[in-house]
Amino acid sequence: MSAFASDPGLEDIRDAAGHGAEVDVAVHLHDGTVRLSILWTQEILLNADDADQVAQALQRAAEQARRIAATRGPNRSTST
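Okay, here's the thing in structure tokens:
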């Protein structure tokens, strides 16, 4: 089981050029790091609405990462 939790709001985001690429934003539940993945390619073309959804997912992930980091305290390691 992965320690990363993906944003479910991005399940339908696909490459606007029709190449099948996908984007994923996930938060590591143990150390609060945020992962941005572009799957199946090195780049993805997004229409404006999809780009907004990705930006919002990154903001949600950052908020969750800050909450996780705050519960860890200053003396705890972030290594996995």
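Heads up: the sequence shown begins at -18 in the numbering used here, then just goes up one per residue. For every residue, glycine included, the Cβ atom is placed at its ideal position computed from N, Cα and C.
Could you pull the start and end residues of the alpha helix (DSSP H) that residue i belongs to?
i	result
E44	A29 to R53
Considering only C-alpha positions, which residue in the set the options is nearest to residue i?
i	options	result
L20	T52, L27 and E3	E3
G1	A38, I25, H9 and V8	I25
Q23	D(-4), H11, E44 and D30	D(-4)
Along the chain, where does the beta strand (DSSP E) that runs through residue i open and close?
i	result
H9	E3 to H9
R16	V15 to L20
A(-14)	F(-15) to S(-13)
Kindly give me the distance between the Cβ atoms of residue i and residue j, rounded to whole angstroms, as I take these residues to be in contact under 8 Å.
i	j	result
T14	A(-14)	In fact, because the Cβ distance is near 12 Å, the residues do not count as touching under 8 Å.
A37	I(-6)	Correcting the residue type first, residue 37 is Gln in the shown sequence and not Ala. That belief does not hold up - the Cβ atoms of Q37 and I(-6) are roughly 11 Å apart, past 8 Å.
L17	L(-9)	Not quite, the Cβ-Cβ distance comes to about 10 Å (not below 8 Å), so this is no contact.
D(-12)	R41	6 Å
A50	H11	So it is not a contact: roughly 11 Å between Cβ atoms.
Does the Cβ of residue i have 16 or more other Cβ atoms within 10 Å, making it buried, or fewer, making it exposed?
i	result
H9	buried
T(-2)	Before going on, a small fix: residue -2 reads as Ala here, not Thr. Exposed is the call here.
A7	buried
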